[in-house]
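Residue numbers are given in the numbering used here: position 234 of the sequence shown equals residue 238, and the series is strictly consecutive.
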Amino acid sequence: MKIKISIIVATYNAQKYLQNCLDSIIPQLNESIELIIIDGGSKDETINIIKSNQQHISCFVTEPDKGIYDAWNKGIQKATADWIMFLGSDDVLLPNALHSYMEMIRNCEDEISIISSKVRVVTFSGKQIKIIGEKWDWHKYKTGTYSLAHPGMLHKKILFEKYGYYDIQFRICSDSEFFLRTGKYLKGAFVDAISVNMQEGGMSDSYKAIVESYFIRKKNRTIPNYCNCIRFFWRCGIFSASKIKRKILYKYGKN
């Protein structure tokens, strides 16, 4: 059976980093890998950057949307592959990452529905902060003791057809909501290598994300609500401490 992967990149006013992202993807493209870009109606040079790479792009749509998850949902509907990968417009796909994923698909069981890897979190200057990512573990994920490295992860397209698309009422953590909604049905494989460089910051690294995560877990009831409340305040404390640490390191020039 021929293996095919659809890479979906959502963009909106992404001129600063988009070309770097595309430069990391394009050398790895072949007849088995398609690149889909869904733009939310950018006002900067994003559209021109996309058009300058048009020959490498299988599908390009630009129109107003309701956020990144709305864009991803549109991309899923355009995808022609059995496997789907999502990348941020400021993510960098490391060399040979797609080859490693292809090899994993060839060798894994048919029941496998997601394939994850490691992700390197970096500063805006490219300095490594940490490496995240481990094999899918539903029990750890539903209890909030496991952090999934979503950038660069592969999903079988049939998951979205069977269990529904991303819930766009959640604008920051809808990928988390999707995994909490479908997690007990998933079987994962793991590529024990770094596949993506992901920049720190963004909306997922914010108090708003912590609040949204609380309501997502409340909706899906994967843990008792008192545990969810404890988790919420614990995450707020950790995030506050992390912000203070970053400010101190920045002030003294150690970042």
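Glycine included, C-beta positions come from ideal geometry on N, C-alpha and C. Just so we're clear, the structure is a prediction, and the values are computed from it rather than from any experiment.
Around the Cβ of residue i, are there at least 16 other Cβ atoms within 10 angstroms (buried) or fewer (exposed)?
| i | result |
| --- | --- |
| I54 | buried |
| N24 | exposed |
| K78 | buried |
| P155 | buried |
| Q32 | buried |
| A245 | exposed |
| R124 | buried |
| T84 | exposed |
| L22 | buried |
| S10 | buried |
| E113 | exposed |
| I37 | buried |
| G44 | buried |
| E165 | exposed |
| H159 | buried |
| G137 | buried |
| G92 | buried |
Am I right that residue i and residue j are in contact with their C-beta atoms under 8 Å? What's the rounded C-beta distance?
| i | j | result |
| --- | --- | --- |
| K122 | A197 | 6 Å |
| S28 | S104 | No, S28 and S104 are not in contact; Cβ-Cβ is about 14 Å, not under 8 Å. |
| I80 | K161 | 7 Å |
| L163 | S117 | 6 Å |
| L190 | W140 | 6 Å |
| M108 | V195 | 5 Å |
| L26 | S62 | L26 to S62, Cβ: 13 Å. No contact. |
Would the beta-carbon of residue i fall within 8 Å of that of residue j?
| i | j | result |
| --- | --- | --- |
| I220 | L184 | yes |
| K87 | A14 | Per the sequence shown, the amino acid found at residue 87 is Trp instead of Lys. Their beta carbons are not under 8 Å apart, which means W87 does not touch A14 by this criterion. |
| F90 | I12 | yes |
| I224 | L98 | The sequence shown places Asn at residue 224, rather than the Ile named in the question. No. |
| T50 | N100 | no |
| S180 | M157 | no |
| Y73 | I172 | yes |
| G187 | Y145 | yes |
| K212 | I176 | yes |
| I227 | T147 | yes |
| I252 | R110 | no |
| Y170 | S178 | yes |
| D94 | Q203 | yes |
| F174 | E216 | yes |
| N261 | I30 | Outside the shown range of the chain (5 to 259) lies residue 261, about which nothing can therefore be said. |
Have a look at the DSSP bridge pairing and note the partners of residue i.
| i | result |
| --- | --- |
| C63 | I40 |
| G92 | A14 |
| V123 | I136, V200 |
| H159 | I88, I118 |
| A193 | I119 |
| I9 | I37, W87 |
| L97 | V200 |
Say whether chain B places a C-beta atom closer than 8 Å to the C-beta of residue i.
| i | result |
| --- | --- |
| L184 | Going by chain labels, chain B is absent from the structure shown, which holds only one protein chain. |
Query - Contact between the region 118 to 138 and the region 231 to 248 (3+ Cβ pairs under 8 Å) - result: no
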